[in-house]
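Beneath this line is the structure, given in structure tokens, with notes to follow.
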Amino acid sequence: MDVFSDSANIDTYVTGFLWILKLTAAATVGALVLGVLLAGMRVSPIPVLRGFGTAWVNTFRNTPLTLIVFFCYFGLYSALSLELSDDIDTNNYWLGVIGLSVYTAAFVCEAIRSGINTVPVGQAEAARAIGMSFIQTLTLIVLPQAGRAVVAPLGSIFIALAKNATIVGTIGLMESSSAMKELINANGDAVFPIFFVFAGTFAIFLIPTGYAFGWLANRLAVKR
Amino acid sequence: MRITRLTAVAGVFALAMTAAACGGGDDDSKSGSASGIVGKASSDKKLVFGVKADQPGLGLQTGGTYAGFDIEIAKIVAKGLGVPETGIEYKTTVSANREPFIQQGQVDVVIATYTINDERKKVVNFAGPYYVAGQDLLVPIASTITGPEALAGKKVCSVSGSTPAKRIQTDYKDAKLQQFDSYSKCVTALAAGSVDAVTTDDIILAGYAAQDQYAGKFKVVGKKFSDEPYGIGVKKSDTEGCNKINEILKASATDGSYTAAWNNTLGKSGTPAPELDVTKLTNCA
Amino acid sequence: MSVTDAVLYDHPGPRAKIRNRILTVVLGIAMLAVLYWIYTKFDDKNQWAGPLWKPFLEGETWTSYILPGLWGTVSAAAVAMVLSLVFGVIFAVGRLSDHWWLSIPAGAVVEFFRAVPLLLMMFFIFFGIPFLTEEPMPPFWAVVISLTLYNGSVLAEAFRAGIKSVPTGQSEAGYAIGMRKNLVMREILIPQAARAMLPVIVSQLVVLVKDTALGYIIGYTELLQDGVNTLGANFGNTVAAAIVAAIIYIVLNASLTFFAGYLERRTRRTGRAPRSPKTAPVTTGTVADGAATI
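Chains as they are written, first to last, in my numbering: chain A, 177 to 400; chain D, -15 to 269; chain C, -1 to 292.
Given below as structure tokens:
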């Protein structure tokens, strides 16, 4: 464990996980908002919105995240001149957040859509019978019930998001996988301790989170 | 009946997989052969060279073939060891896997813009240096950047975790460092104007600057701010092979093959061949 | 699914039809405008310039970079698919075992590998394992093993949820006619669970295909390494190459998904699926899990 007695190395480790934390936090919000919107589009009465939602899901769900993050840098930033910050790390951070959100939103959308399927048809029919519009039916009746049904899958999506945040390292952010790579390169004799500390940190945070979502899902489940 | 059909599908799948496995996993067959490269060269008449695949002028994979200065050096070494050109197998390495490739015996020799340093000497035996490169900057032709001191506040790109990237981080803290996993991405970013400079060894940069599609767009600043002696990596235990490669290099300096190697690759842009300093071939341990 | 979709709004009357049509036109134009804007911006940076795209019209570009890269991707993915399905079944059954000395270690393994990012795992297997085995670890196997451990663990959980969703009457009936535990699992539970979990399994396999792209970290030559980095170094067209690679991935994964949809429809039609996972109330959102795997 000598590697982790060096304060510079501790610093690398902490900075790496802070980036992961910040990426996960911002992208969770982004993906949730985008994902709900996309799910709404996919079940909406307007064909062009349905088409848009479908195209989004099929495109981003089937492209490796590495490529999406690559396009965030070379497409959004280089070609479209979208500069989000003067600071190079902060800029790459936000580009990473966009990439992660856009990618994860496709999965959130599909989870919510299948959640909508678990809501009995009678609920929506009743809403329509009392004259509710599509928006009202969706936001007041269907989504609240669907939301309870998809807590568990959303949980696994956000846990995957936290792990996927490591991929933002490909555009130069020193997140934990880059940090681990750097430490291993500099301390080739300590591959095992370094790996177990990094992997262990992920496990310590993510396994309980998984159980917490499972517990929440059971509590919130609509008993029918 | 359904179960039978499922089993059948699974069977077909398994067959396809076996075929795939054969195709993909057959590159680990030559680990256990003779100890040193000299022995292997004389008994098998075959050697595996680890080279770069994405560095124009040095080691660039074009189609099924590799070309560049490193490749020419590999040919000289192979010839000196008595391996015919048909016995050379090239294997793409990236900066991150050069040491493990040598240690694990996946390649016999690494000639891949491989800087000799003390850390690497602990795990690898270096013949050479066959060339002394230096860190430099690649900038757009109209750029006003004249050297590393002028980088303050500018965006400079390099490969994550590489020596040049670390030097920027420690010695030129005012520069903003952008890191990617390959130099071609850095050069793409430079072409798009997203970064102000790309930094790494001068000959790597010269290779990019000389590419057709970038002709007249970039220039190498020409102010080295480090020495990067390029070595030829072999197994730590293979001192005999290491010394033998040094002898071959010495011979190539006098018989003109070294100069020819340069002139056929990096020298095409007009840079005269460097002098191979045979007194410095002393890294074998 | 289309049934529920249509249930959320009334069948469009004449006014709604006109409104939909107007919205379609307006939104359609807006989207086209955005696309055109992106196109011109890329054009400003000369990303559509002929020399960047010309290599893709030449057969040699495909035979020397893209197809070998694609083969690297497909072969690693195919081997890892089979191995992770096997891994998944073994660990799902292990975790459901009545013996604590089997179920606890199996659970720990599954939970651990689900929580560790693949990028870390791959890097470790490539650089760390050779220290233990003193044998070289070819990049191909490092990619396959790490993909198997991760996706196999996710599949193990999917199978477990599937096995639990099979009505208890099924296994009770099996025991009643004198079947042993092993036989009930093999002949009754797993076949039904596999069918119920087909959507989850397939979306995890799509994830697996995409994740081969992470092999770049250890220099495994797959589609991104050969078809984007090396190709880009030759022709200076990294962005163009990345667009082509993205399209190939999308086509590859969309066909996989399509094939799965076909299989699912076939299973449904025969009415042999144990019960539509939709109606499985207690297990934590089975059908939704289909989209939950990343």
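Note that CB positions come from ideal geometry on N, CA and C, so glycine has one too. It should be emphasised that the depicted structure is a prediction, and the values quoted were computed from it without experimental measurement.
CA nearest to the CA of Tyr247(C), picked from Arg13(C), Thr38(C) and Val72(C):
When each option's Cα is compared against that of Tyr247(C), the closest is Val72(C).
Give the interface partners of Ser282(D) over in chain A, defined as CB-CB distance under 7 Å, in chain order.
Nothing about residue 282(D) can be reported from this structure: the residues present for chain D run from -15 to 269 only.
Beta-carbon proximity list for Pro329(A), same chain, < 6 Å, skipping 5 on both sides:
The residues Ala287, in chain order, have a CB closer than 6 Å to that of Pro329(A) in the same chain once the five nearest residues on each side in sequence are set aside.
Select from the segment 347 to 361 of chain A all residues with a C-beta closer than 9 Å to any C-beta belonging to chain D, and list them in chain order.
Only Ile347, Gly348, Leu349, Met350, Ser354, Lys357, Glu358 and Asn361 from the segment 347 to 361 of chain A bring a Cβ to less than 9 Å from some Cβ of chain D.
Segment limits, beta strand (DSSP E) that includes Cys248(A)
Per DSSP, Cys248(A) belongs to no beta strand (DSSP E) and is neither H nor E.
What residues in its chain sit with their C-beta under 7 Å from that of Glu262(C), if we drop five residues either side in the sequence?
Contacts found: Leu196 and Pro197.
What is the C-beta distance between Asn149(C) and Val205(C), in whole angstroms, given that I count them as a contact (C-beta under 8 Å)?
At roughly 7 Å, the Cβ-Cβ gap stays under 8 Å, so Asn149(C) and Val205(C) are in contact.
How is Ala117(D) classed by DSSP in three states: helix, strand or coil?
Strand.
Beta-carbon proximity of Pro137(C) to Gly67(C), cut-off 9 Å:
It is not a contact, given that the beta carbons lie outside the stated cut-off.
Let's test the definition: count the other Cβ atoms within 10 Å of the Cβ of Ile123(C) and tell me whether it reaches 16, buried, or not, exposed.
By the neighbour-count definition (other C-beta atoms within 10 Å, threshold 16), Ile123(C) is a buried residue.
Cβ of Gly215(D) within 9 Å of any chain A Cβ
Taking CB atoms only, Gly215(D) has no neighbour in chain A less than 9 Å away.
How far does the alpha helix (DSSP H) with Pro256(D) in it extend, from its first residue to its last?
Where Pro256(D) is concerned, there is no enclosing alpha helix (DSSP H), given that its DSSP letter is neither H nor E.
What distance in whole Å lies between the Cβ atoms of Phe89(C) and Ala104(C), which are believed to be in contact at a cut-off of 8 Å?
At roughly 5 Å, the Cβ-Cβ gap stays under 8 Å, so Ala104(C) and Phe89(C) are in contact.
Using beta carbons (cut-off 9 Å, strictly below), is Asn293(A) in contact with chain D?
Under the 9 Å criterion on CB atoms, Asn293(A) is classed as non-interfacial with respect to chain D.
Where does Val93(D) sit, in a helix, a strand or coil, going by DSSP?
Secondary structure at Val93(D): strand, using DSSP grouped into helix, strand and coil.
Does any C-beta atom of chain C lie closer than 9 Å to the C-beta of Lys30(D)?
Not a single C-beta of chain C is nearer than 9 Å to the C-beta of Lys30(D).
Closest to Pro189(C) by C-alpha separation, out of Val200(C), Ala171(C) and Ile161(C), would be which residue?
Measuring from the Cα of Pro189(C), the nearest candidate turns out to be Ile161(C).
For Lys198(A), I'd like the list of residues in its chain whose CB is within less than 8 Å of its CB, leaving aside the five on either flank, ordered along the chain.
Here the set comprises Tyr269.
Sort Ala156(C), Ala171(C), Trp69(C) and Leu94(C) by Cα distance to Thr219(C) and report the nearest one.
Nearest option by C-alpha distance: Trp69(C).
CA nearest to the CA of Lys357(A), picked from Asp158(D), Glu212(D) and Gly145(D)
Closest by alpha carbon: Gly145(D).
Along chain D, in chain order, which residues have C-beta atoms closer than 8 Å to that of Ile264(A)?
Simply Lys139, Lys160, Leu161 and Gln162.
What residue range is occupied by the uninterrupted beta strand (DSSP E) comprising Val67(D)?
Where Val67(D) is concerned, there is no enclosing beta strand (DSSP E), given that its DSSP letter is neither H nor E.
For the alpha helix (DSSP H) that contains Thr230(A), what are its first and last residues?
The continuous alpha helix (DSSP H) containing Thr230(A) extends over residues Pro223 to Arg237.
Where Val182(C) meets chain A, residues with beta-carbon distance less than 8 Å:
Neighbours of Val182(C) on chain A: none; closest Cβ ~26 Å, over 8 Å.
Three-state secondary structure assigned by DSSP to Ile27(C)
Of the three classes helix, strand and coil, the one that applies to Ile27(C) here is helix, per DSSP.
I'd like to know if Gly192(A) contacts chain D, where contact means its C-beta is closer than 9 Å to some C-beta of that chain.
Output row for Gly192(A): interface = no.
Report all residues from its chain with a CB closer than 7 Å to the CB of Val141(C); omit the five preceding and five following residues, and keep chain order.
Here the set comprises Ala74, Met120, Thr210, Gly213 and Tyr218.
Which residue from Asn232(C), Ala258(C), Trp98(C) and Thr265(C) puts its Cα closest to that of Gly48(D)?
Ranking Asn232(C), Ala258(C), Trp98(C) and Thr265(C) by Cα distance to Gly48(D) puts Asn232(C) first.
From the DSSP secondary-structure annotation, give me the bridge partner or partners of Gln163(D).
For Gln163(D), which the question treats as bridged, DSSP gives the partners Ser142(D).
Applying the 10 Å Cβ sphere with the 16-neighbour rule, what's the burial state of Phe283(A)?
Phe283(A) comes out buried.
Measuring straight from C-alpha to C-alpha, what distance separates Asp120(D) and Pro213(D)?
When rounded, the distance between both Cα atoms is 14 Å.
Tell me which residues of the segment 236 to 259 of chain C have at least one Cβ-Cβ distance to chain D shorter than 7 Å, keeping chain order.
When C-beta distances to chain D are compared with 7 Å, the residues of the segment 236 to 259 of chain C below that value are Thr236 and Val237, in chain order.
Using a Cβ-Cβ distance under 9 Å, would Asn131(A) count as near chain C?
Any answer about residue 131(A) is impossible in this case: the structure gives chain A only from 177 up to 400.
Residues that Asn81(D) contacts on chain C, provided the C-beta gap is smaller than 9 Å
Chain C residues near Asn81(D): Phe124, Phe125, Pro137, Ile216 and Gly217.
Quick check: what's the CA-CA separation for Thr2(C) versus Asn394(A)?
For Thr2(C), the pLDDT reaches just 45, beneath the cut-off of 50, and the residue's location in the model is therefore unreliable, although a value from the coordinates is still provided. If I take the Cα positions, the gap works out to 24 Å.
Following a CB-centred definition, is Asn101(D) positioned closer than 8 Å to any heavy atom of the ligand ZN?
The ligand ZN is not among the ligands present in this structure, which contains no ligands whatsoever.
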